[in-house]
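S.K.:
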């Protein structure tokens, strides 16, 4: 059995802050006697990631994804619970932990903003004490995968988002970590760069055997990269399993929309749910049925327009949350 | 009305970090006390500076402080242009139906100013008392005008330099440096300096227009003036002209503004 | 070997910001020269009327104030422009990367500060030599004075480092530290004598200043240099400096420990 690269058990994180009372008088009172507010960012999160696996962490904003990843990477200390990365507790020895992991937090760069990216890479090479030969080899490889040489002499302040994140990805991998944390790495990018980054991520896990924990909002990304997902909502895990199982349990199946040419003879297929104007809509739960229908439609020459949808992952997730809160209501 | 709303919003957001808020007021107060102590040193250790009586020298310091106070209260935004540009906030300002310059000025309120006011007032009062002048309505009016002129000159310098900051954030370093220079060298009757330094402060970085020239005219200390008396008398007007010119320069630079990458 | 290389790379970062942009270097040179020249002019002029004041003759006063203008360089280049101050990292959340590197944040911070101050000192040294060669300032009062000057300067820089480091680390939980920074900078400048030589200020001011850590960084070293403080009388000052260094070092260690436990990262 493959060992667990990342383990989270009963993780909980509580933040304390002060809040200001509304209004002018309230503002003055808050100056001398502020209100203390406790926020439970993560309530009870447990899951694990095996070596060489890519796990996607999904959830709405504020669900606790980022906080979880910060705890697992050792940046935050959990209020309760246990986590292990490569068998060690990350925050107890951050220096050793740093050699084992790499991280890219989408909105924040680790590059030195006013230095050419190559300088940042050289800095990190020395900070992580990577040998010159290994460094050159890795940089070559990363350059080939991410096409950095066009702009790696520029400063991040002059780069576009896509360029900067690609440099950040390279920076995170210079010391060849076995485990990588990615917090919304493709957010805000255009489609072409997104695809390049995704291919890069897939390569790292499929060909190089790295363990990757990825948080994302992007459903296309999830279905492309992850075979296993963990859904988090309101600080708790609401689903932990394979993507295919998720779709089967909570999905509403496939949909196909067809617009036939006028006077076309309608095919005899099951699954017709209705018509909206010129559009005929078919739906079903068995993927084989969708393939069958599509094959038959594509053979015809009187189909004017054809749209096929897999399960809309947004809807699947919404369904998961809905059922989960319903279950909680029933239980309480 | 909108301006008032901006100011109160800025103060409110500054109050969010309450310790910091009080500290910034304290900074203002401490700074003013510093300058006041320094001014006292000046007139007690170096009496008869440049042939001027103590009250007149003190008045230079007081007028400069008062003008600086107003400039800090209303035009502090000029020092923040570099930061705003780096954060991309200028882009947002360009999309709003208010002149960008005004938005930059209103962007935040320089809290230390609140601590400045008392000490500045005291300085002015002391200087006025020390001087044996007949304070007619004209004189008082001219004093006010001199303070406003100081404010306008500081605003002009910082606006001019701040315009560069729209495209070169390093301008910020030059802004800080000239601010230092103006604060350090603006308190003296400039004719005591050798001609090269005097030229710098009258024609290159014209802080002479701030406290020195108007006060020289006001107190009648025109004996060793390096410029004609009418220039000294008109110095607030010259400051106004420079300020308007700096606004023009700002518009030119703003038109050539390019946003930051990414 | 890699240890040294690592330390060197980290320390030279701020210097690199300035060196890689030749316009910046030229700008610094121009600013420094102008400021020294103007200060020199001013204090010679002030002394036209009065031969000695506050116990300083003209030569001493000019040396004091000119060396004082070099003081501003000692903190190193502006990191705010490069978005590389601690408070900026805390606000943007990029501070978390400090905890993902095999260098302790407090060591990284220390190396950066050392690098900054060493770079600033380099500039100050160049300017000092230039001033000496142009005859703008005088030589140290004696060999002993020179040695004590160097010692107290070093201790003074350590005090300065600790003060600024405390403010930096405090922003981990205050999130906004402009007020504190402004106060420290101001009080530092004031009590260090950078605004006006402390010798000119009233007695109560000087007494107050002698109990604070600030005059250690500029006023004491320079006063030893110009001979205003005799080498024999330096012992008390050095003692005060050492006490402050130890005290501040202990507090800073505590601060770092707390900050490590409580990394607050802005944003989701």
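Residue numbers (our numbering), protein chains in the order written: chain Z, 1010 to 1341; chain P, 7 to 268; chain D, 33 to 300. We treat Cβ as the ideally placed atom computed from N, Cα and C, and that holds for glycine. Small disclaimer: the values here were computed from a predicted structure and weren't measured.
Give the residues of chain D in contact with residue 235 of chain P, contact being defined as C-beta atoms less than 8 Å apart.
M.R.: Per Cβ cutoff of 8 Å: no residues; residue 235 of chain P is ~22 Å from chain D at best.
S.K.: When Cβ atoms are compared, which residues of the stretch 1135-1151 of chain Z fall closer than 7 Å to chain D?
M.R.: 1135, 1136, 1137 and 1138
S.K.: Just list the residues that DSSP pairs residue 1292 of chain Z with in beta bridges.
M.R.: Z:1264
S.K.: Tell me which same chain residues have a C-beta within less than 7 Å of the C-beta of residue 214 of chain P, skipping the five on either side of it?
M.R.: 196, 207 and 208
S.K.: Run through chain D and tell me which residues come within less than 7 Å of residue 1103 of chain Z, C-beta to C-beta.
M.R.: What residue 1103 of chain Z touches in chain D: 131.
S.K.: Using a Cβ-Cβ distance cut-off of 8 Å, determine whether residue 48 of chain D contacts chain C.
M.R.: Among the protein chains in the structure shown, which are Z, P and D, there is no chain C.
S.K.: Quick check: does the Cβ of residue 253 of chain D come within less than 7 Å of any heavy atom belonging to the ligand FMN?
M.R.: Among the ligands in the structure shown, none appear at all, so the ligand FMN cannot be discussed.
S.K.: Looking at residue 217 of chain P: is its Cβ nearer than 8 Å to the Cβ of residue 66 of chain P?
M.R.: yes
S.K.: Count the other CB atoms within 10 Å of the CB of residue 236 of chain D; is the residue buried (16 or more) or exposed (fewer)?
M.R.: exposed
S.K.: State the beta-bridge partners of residue 1316 of chain Z as determined by DSSP.
M.R.: Residue 1316 of chain Z has Z:1266 as its beta-bridge partners, per DSSP.
S.K.: Just checking: is the beta-carbon of residue 1066 of chain Z within a distance shorter than 8 Å of some beta-carbon in chain D?
M.R.: no
S.K.: Considering just the uninterrupted stretch of the alpha helix (DSSP H) at residue 1045 of chain Z, what are its terminal residues?
M.R.: Run containing residue 1045 of chain Z: none in the alpha helix (DSSP H); it sits in the beta strand (DSSP E), 1044-1059.
S.K.: Could you tell me which of D:129, D:177, D:279 and D:200 sits nearest to residue 265 of chain D, measuring between CA atoms?
M.R.: D:177
S.K.: So is residue 77 of chain D in contact with chain P if we call contact Cβ pairs under 8 Å?
M.R.: yes
S.K.: Which whole-angstrom value is the C-beta distance of residue 1231 of chain Z and residue 1224 of chain Z, which I expect to be below 8 Å?
M.R.: About 10 Å separates the two Cβ atoms, so there is no contact after all.
S.K.: Check whether the Cβ atoms of residue 1065 of chain Z and residue 1244 of chain Z lie closer than 8 Å to each other.
M.R.: no
S.K.: Which residue from P:259, P:160 and P:115 puts its Cα closest to that of residue 249 of chain P?
M.R.: P:160
S.K.: Nearest by alpha-carbon distance to residue 259 of chain D: which of D:180, D:286 and D:234 is it?
M.R.: D:180
S.K.: Return the first residue and the last residue of the beta strand (DSSP E) that residue 1241 of chain Z is part of.
M.R.: 1237-1242
S.K.: I need the straight-line Cα distance from residue 215 of chain D to residue 149 of chain D, nearest angstrom please.
M.R.: 20 Å
S.K.: Which residues in chain Z sit within 9 Å of residue 152 of chain D, going by Cβ to Cβ distance?
M.R.: What residue 152 of chain D touches in chain Z: nothing, since even the nearest Cβ is about 18 Å away.
S.K.: Which residues in the same chain as residue 1010 of chain Z place their Cβ atom closer than 7 Å to its Cβ, once the five residues preceding and following it in sequence are excluded?
M.R.: Confidence at residue 1010 of chain Z is low in this model, with a pLDDT of 47, below 50, so its placement is unreliable and the value that follows should be read with caution. Contacts found: none.
S.K.: Using beta carbons (cut-off 8 Å, strictly below), is residue 300 of chain D in contact with chain P?
M.R.: Legend: pLDDT at residue 300 of chain D = 44, less than 50; position of this residue unreliable, no value from coordinates given.
S.K.: For residue 67 of chain D, which option in P:229, P:185 and P:251 has the closest C-alpha, if you only look at C-alpha atoms?
M.R.: P:185
S.K.: Given 8 Å as the limit, is there contact between the stretch 265-277 of chain D and the stretch 134-146 of chain D, that is, 3 or more CB pairs closer than that?
M.R.: no
S.K.: Buried or exposed: which applies to residue 286 of chain D, given that a residue is buried once 16 or more other Cβ atoms fall within 10 Å of its Cβ?
M.R.: exposed
S.K.: Which residues, in chain order, does the stretch 33-49 of chain P contribute to contact with chain D at a C-beta distance below 7 Å?
M.R.: From the stretch 33-49 of chain P, only 33, 36, 37, 40, 43, 44 and 47 have a Cβ closer than 7 Å to chain D.
S.K.: Residues of chain D with CB closer than 8 Å to the CB of residue 1203 of chain Z, please, in chain order.
M.R.: Those do not exist, as residue 1203 of chain Z stays about 20 Å from chain D at its closest Cβ, beyond 8 Å.
S.K.: Look at the alpha carbon of residue 1213 of chain Z and the alpha carbon of residue 1196 of chain Z, and state the distance between them as a whole number of angstroms.
M.R.: 19 Å
S.K.: Once you ignore the five residues that flank residue 241 of chain D on each side, which residues in its own chain have a CB closer than 7 Å to its CB?
M.R.: For residue 241 of chain D, where only same-chain residues beyond five positions count, the Cβ hits under 7 Å are 223, 230 and 247.
S.K.: Can you tell me whether residue 292 of chain D is helix, strand or coil according to DSSP?
M.R.: DSSP places residue 292 of chain D in helix when its eight states are reduced to three.
S.K.: Chain Z beta carbons: is any one of them nearer than 8 Å to that of residue 109 of chain D?
M.R.: no
S.K.: Chain P beta carbons: is any one of them nearer than 8 Å to that of residue 167 of chain D?
M.R.: no
S.K.: Within this structure, are the beta carbons of residue 69 of chain P and residue 235 of chain P separated by less than 8 Å?
M.R.: no
S.K.: Check the C-beta distance from residue 34 of chain P over to residue 230 of chain P and give it rounded, since I have them as a contact under 8 Å.
M.R.: That belief does not hold up - the Cβ atoms of residue 34 of chain P and residue 230 of chain P are roughly 35 Å apart, past 8 Å.
S.K.: Out of curiosity, what's the CA-to-CA distance linking residue 123 of chain P and residue 79 of chain P?
M.R.: So the alpha carbons of these two residues sit roughly 10 Å apart.
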